[in-house]
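Position 126 of the first sequence, counted from 1, bears residue number 112 in my numbering, the numbering being contiguous throughout.
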Amino acid sequence: MEGLTIAEAKAIQQLLAKRVRLDDDFPETLSTVCGLDCSYSRRGKDGRMIAGAVLLRFGSWERLESAFVEGETPFPYVPGLLSFRELPLLLEVLRRLERKADLYFVDGAGIAHPRRLGLASHLGVVADIPTIGVAKSRLCGSFDEPASSRGAESPLRDHDETIGTVLRTREAVKPLFVSPGQKVSLESASRLVLACCGRYRLPEPTRQAHRLVTERRVMWKEKGHDATY
DNA sequence: GCGACAG
DNA sequence: ATCTTGTCGC
Ligand SMILES: [Mg+2]
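Have a look at this one:
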């Protein structure tokens, strides 16, 4: 994963994309869900990053467990190749969670990707877990703006195939770009993301994971450290 | 060749 | 993603 050329990375995606499954393969009644996210150092310019994971009880959003790990940033950000940058540390942080979740929410695209293998799908295939990709903006595909009410949605398409759902999770607020990662159907993906959204735009798992990896910045600042994550 | 482009 | 304060709108 470290010394990969862009061409090699794309070839790997084409191979792994064949292993993506879009049929629901997770408990019908969700008990726990997991949110994952990463943050990067800037001020320290040390090229380091942090991956975080939170395990929540579905519905109450009570935090049952959380974990984070720091490491070297292995790959630059290249649109379409985000997984080669964040996957290594995300896999590591998953190992640090004592329990497994029924479903995983990833900050990024699932199959709504040029080669149908965004970060959520890549993680799902490699770790063999059900995942949903929740992106805050569009990577690829075309769509009609969904109505302004909460729950409004419209298909995200690439030519003749539907690769995701543009979902409005809050009234009059920019919609989310939801797509199946692995072992989750197109319909279940948007339905479950909405089910995890309360007063905020982001689903609870993603929101809490983001808070976890971002609150560290405050911790370091308070300790007088020059590194910002 | 030009513009788009998850985080 | 990160750098940053105030400001506009529901
Ligand atoms: Mg992120």
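Beta carbons: idealized from backbone N, C-alpha and C, even for Gly.
- For the segment 34 to 92, the continuous beta strand (DSSP E) assignments of 3+ residues that do not extend past its boundaries occur at 34 to 43 and 49 to 58, in sequence order.
- The shortest C-alpha to C-alpha distance from H99 to any of R49, E147, K31 and I36 is the one to E147.
- Excluding the 5 residues flanking it on each side, G110 has same chain C-beta neighbours closer than 6 angstroms at T117, G167 and Q168, in chain order.
- Looking at the DSSP output, G21 shares a beta bridge with V40 and F91.
- Contact annotation: A37 and L8 have beta-carbon atoms that are not nearer than 8 angstroms.
- With 5 angstroms as the limit between CB and the heavy atoms of ligand 1, the residues that fall short of it are D23 and D93.
- Short of 8 angstroms from the beta carbon of V79, and not among the five residues preceding or following it, lie these beta carbons of its own chain, in chain order: L22, A37, G38, A39, A53, F54 and V55.
- Assignment of beta strand (DSSP E) within the segment 112 to 169, counting only whole runs of 3 or more residues, yields 117 to 121, 139 to 144, 147 to 153 and 162 to 168 in chain order.
- Two segments are said to touch when three or more pairs of C-beta atoms, one from each, lie closer than 8 angstroms; by this definition the segment -1 to 7 does not touch the segment 180 to 189.
- In terms of Cβ geometry, S134 and R102 do not form a close pair [threshold 8 angstroms].
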